[in-house]
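Undergrad:
2 protein chains.
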Amino acid sequence: MTSTGTRNGSPTLDEVAQLAGVSRATVSRVVNDSPRVSPEARLAVQAAVETLRYVPNRMARSLVTRRTDTIALVLSESNTQVFSDPFFASIVRGLSARLADTELNLVLLAARGAREQEKIGRYARQGHVDGVILMSLHSDDLLPDILAGTHLPLVLSGRPLDGRSIAYVDADNTGGAVAATELLLSLGRRRVATVTGPQDMVAGLDRYAGYRAAVERSGGRVDPDLIAAGDFTEAGGMRAMTELLSRAPDLDAVFVASDPMAVGAVQALRAAGRRVPDDVAVVGFDDAAVAATSDPPLTTVAQPLGEMTALMVELLLDQIESGERSVEARVCDTSLVRRASA
Amino acid sequence: MTSTGTRNGSPTLDEVAQLAGVSRATVSRVVNDSPRVSPEARLAVQAAVETLRYVPNRMARSLVTRRTDTIALVLSESNTQVFSDPFFASIVRGLSARLADTELNLVLLAARGAREQEKIGRYARQGHVDGVILMSLHSDDLLPDILAGTHLPLVLSGRPLDGRSIAYVDADNTGGAVAATELLLSLGRRRVATVTGPQDMVAGLDRYAGYRAAVERSGGRVDPDLIAAGDFTEAGGMRAMTELLSRAPDLDAVFVASDPMAVGAVQALRAAGRRVPDDVAVVGFDDAAVAATSDPPLTTVAQPLGEMTALMVELLLDQIESGERSVEARVCDTSLVRRASA
DNA sequence: GGACGTCGTGAGAACGCTCTCACGACCGGA
DNA sequence: TCCGGTCGTGAGAGCGTTCTCACGACGTCC
């Protein structure tokens, strides 16, 4: 056979050009819709593209343009529980909505353990993506280190734990926690406990710091018996609440550092015969969907997720556009959402 | 400046070759560890790679090898609830564990709506991935269609809804549902209800079919009042159970088509003052982590997830290896896990 | 009617890699 | 001594794009 059109692989630019009776360059122009093409040529090419079912080869294109038009959202999480966190789902939804009418593709990469994190680091460095958004960081994560060593545009979801200079977008976790705790205090509650998030994550740390600050500012003292650690899961919240109840049966309010944990806490409270909010007032964090539908509906701290995802994309796109790493930080205000639990 | 080593971008093979004093071909051989390299050359190259921090450009490599060494797991789901489904998390965990010690990378793609599905289809067709695993399919999904039109290796998680010939791996959903329902019947329960999954998903359909089959086989009749539709979420399970209770207050058992829904159902039951399993026996499906920890621990149907993910990878890899689409189907046996809820 | 833009087009050189092929160097067997 | 084989190596041709240039064919303006 001579060089027929029907080869094993997909059709190439050359084949389209041949069929359309123009040069490779013209086909390329049509495909990337450059204005400098005559209507006739354009039509001919479009027809050829159609009949050959031509799809440009991205590898070849990326090789010369040095762009892949895809960005990665990497979840640097050792266990798969992130997936069950509604916060994460919201971020993914927000990101892909934001990217929907751009040329950009979004890929999710999940990393558990050092080995996989290195694999992901390699993946990113090899030029598969134009930039990465890193979320759900723990203090022992390697990825910020690995990626900081490259020129890859990078944005963190959440303030970097070690003070490293990397662009990031975060909610004012501390401020939100202060507001939540102060609400509880202003309600006349005297024994305000807290279920914290993981203390190796910035959201866990900051929300705990906010709680402490509010308690101290009110003239109270921070009682260790009123503090229990959770892990942002419902089951963890239930466990922590049970523990709290046994250590401080007289508590009359609790600030829970995430809504899924708050749901678990309410269950534990109920199991112990306490009424919410009559006996114990509860405030959560995140304003997840579950907060509105749980029983009772949860008073919680809302983060402007839409704004945050939009900012992340903006920061990343700026870096990609300019070719320069930025270290811009954006912290978004939170707001208290009053419902029935406090 | 002449062609110095320090350019703006990353170092290339040529630069490494120059530094090591060998040819490009030799460097390539070392990088892909071909045996035909003398120890001295190998050492020199490795040193050069080290000092230049050389990372091969995947685009260039893929362009010639026609492989990307990455496979995609695509979630063709219109709402982001998949993420909260523990089944999904298990699949992701299983897949990446299975791929951990291979060269293969795993990327997750999430598609909501026709527009994004087309975008993902394009992404896949453009040569970003060597193969795709499709999960969580609904009947109106475009992706099987879009991808079936390509030569891309493809494996479905779950039997294709429209009988199309595509390789797939599935659990014996029908068999599992039959076993669950028969257990309930064998316990002497006379009014066995069901909370189904979405009826546009094969797991929802098959588990419902299994329930019907078991009821009919036992000589009973399928009572519409005993059937309510859920959506595989906890909230949906709660809603459906509440509905069931109002339509058929005399029910004494319920087969719930997923564990998260079963957890919701138990809550609804409890809210209505029914004891589990004394008043109403409950069987779930999936053997999710939550099944063991919920109160009471759930009797449920376990799927061999590890086996299933291994099979998906195997089927996909076979296709990639051979360059041929296969239509092989593998259905894995389920097993009943007896706990306290039935 | 000649000089000068603009406009559509094609030739051809990249991009960074892999892979075939040829070529010397070396070895063992006749 | 010569021949055939292996072994390490390098030259060079691709892979399918984009993009810079150069080049004719037009106007348009003096």
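Chains as they are written, first to last, in our numbering: chain R, 1 to 342; chain C, 1 to 342. Glycine residues also receive a C-beta, built at the ideal position from the N, C-alpha and C atoms. Remember, predicted model here, so these are calculated numbers, not experimental data.
Note down, in chain order, every chain C residue with its Cβ under 7 Å from the Cβ of G354(R).
TA: Chain R is shown from 1 up to 342; residue 354(R) falls before or after that span and cannot be answered.
Undergrad: Within the continuous beta strand (DSSP E) that includes I71(C), where are the two ends?
TA: Run containing I71(C): T70 to S76, per the beta strand (DSSP E) assignment.
Undergrad: For V30(R), count the other beta carbons within 10 Å of its own beta carbon; 16 or more makes it buried, fewer makes it exposed. Which is it?
TA: By the neighbour-count rule (16 or more Cβ atoms within 10 Å), V30(R) is buried.
Undergrad: Would you tell me roughly how many angstroms separate the C-alpha atoms of A20(R) and R61(R), rounded to the nearest one?
TA: 21 Å
Undergrad: Taking 8 Å as the CB-CB limit, is F83(C) close to chain R?
TA: It does; some Cβ of chain R falls within 8 Å.
Undergrad: In its own chain, which residues sit with a C-beta less than 6 Å from the C-beta of L156(R), not counting the 5 before and 5 after it?
TA: L134, I166 and Y168
Undergrad: Given a cut-off of 8 Å, decide if L251(R) and V280(R) are closer than it, judged by their beta-carbon atoms.
TA: In this structure, L251(R) lies closer than 8 Å to V280(R) by Cβ.
Undergrad: When you compare the CB positions of V301(R) and G176(R), do they come within less than 8 Å of one another, or not?
TA: Yes, Cβ-Cβ distance for V301(R) and G176(R) is below 8 Å.
Undergrad: Alpha carbon to alpha carbon, how far is E15(C) from R67(C)?
TA: Between E15(C) and R67(C), the C-alpha separation is close to 24 Å.
Undergrad: Look at D69(R) and E103(R) and say whether their C-beta atoms are less than 8 Å apart.
TA: yes
Undergrad: Given a threshold of 16 other Cβ atoms within 10 Å of its Cβ, counted over all protein chains shown, does L109(R) qualify as buried or as exposed?
TA: buried
Undergrad: Does the beta carbon of R24(C) come closer than 8 Å to any beta carbon on chain R?
TA: no
Undergrad: Hey, would you say the C-beta of S136(R) is under 7 Å away from at least one heavy atom of the ligand MG?
TA: With respect to the ligand MG, the structure shown offers nothing to examine, as it has no ligands at all.
Undergrad: Am I right that A97(R) and C332(R) are in contact with their C-beta atoms under 8 Å? What's the rounded C-beta distance?
TA: Wrong, their Cβ atoms sit about 17 Å apart, outside the cutoff.
Undergrad: When DSSP labels each residue in this structure, what does V30(C) get in the three-state scheme?
TA: helix
Undergrad: A124(R) touches chain C at which residues, Cβ-Cβ below 8 Å?
TA: Those do not exist, as A124(R) stays about 10 Å from chain C at its closest Cβ, beyond 8 Å.
Undergrad: Thinking V55(R) and S10(R) are a contact (beta carbons under 8 Å), I'd like their distance in whole angstroms, please.
TA: Correct: roughly 6 Å between the Cβ atoms.
Undergrad: Answer with buried or exposed for D278(R), where buried requires no fewer than 16 other C-beta atoms within 10 angstroms of its C-beta.
TA: exposed
Undergrad: Skipping 5 residues on each side, what residues in its chain have a beta carbon closer than 8 Å to that of A41(R)?
TA: A20, V22, T26 and V30
Undergrad: Could you check what DSSP says for V202(R) in three-state terms: helix, strand or coil?
TA: helix
Undergrad: For R7(C) and Q46(C), I'd like the C-alpha separation in whole angstroms.
TA: With a pLDDT of 45 at R7(C), under the threshold of 50, the predicted position of this residue should be treated as unreliable, though the coordinate-derived value follows. Taking the straight line joining both Cα atoms gives about 20 Å.
Undergrad: So which of F87(C), G219(C) and D223(C) has the shortest CA-CA distance to S186(C)?
TA: Measuring from the Cα of S186(C), the nearest candidate turns out to be G219(C).
Undergrad: Can you tell me whether DSSP reads G158(C) as helix, strand or coil?
TA: coil
Undergrad: Which first and last residues belong to the beta strand (DSSP E) in which N105(C) is found?
TA: N105 to A111
Undergrad: What is the DSSP secondary structure of S326(R), reduced to helix, strand or coil?
TA: Under the three-state reduction of DSSP, S326(R) is assigned to coil, being neither helix nor strand.
Undergrad: From what residue to what residue does the alpha helix (DSSP H) around A60(R) run?
TA: R58 to T65
Undergrad: Would you grab the beta carbon distance between A229(C) and Q199(C) for me? Rounded to a whole angstrom, and I think it's under 8 Å.
TA: 6 Å
Undergrad: Which residue wins for smallest C-alpha separation from L183(C), given the options A289(C), T150(C), K119(C) and A340(C)?
TA: A340(C)
Undergrad: Using 8 Å as the threshold, is the C-beta distance between Y211(C) and T181(C) below it?
TA: yes
Undergrad: If you draw a straight line from the alpha carbon of G264(C) to that of M238(C), how long is it in whole angstroms?
TA: The alpha-carbon separation between G264(C) and M238(C) amounts to approximately 4 Å.
Undergrad: Evaluate T293(R) with the Cβ neighbour count: other Cβ atoms within 10 Å of its Cβ, from every protein chain shown; 16 or more gives buried, anything less gives exposed.
TA: T293(R) comes out exposed.
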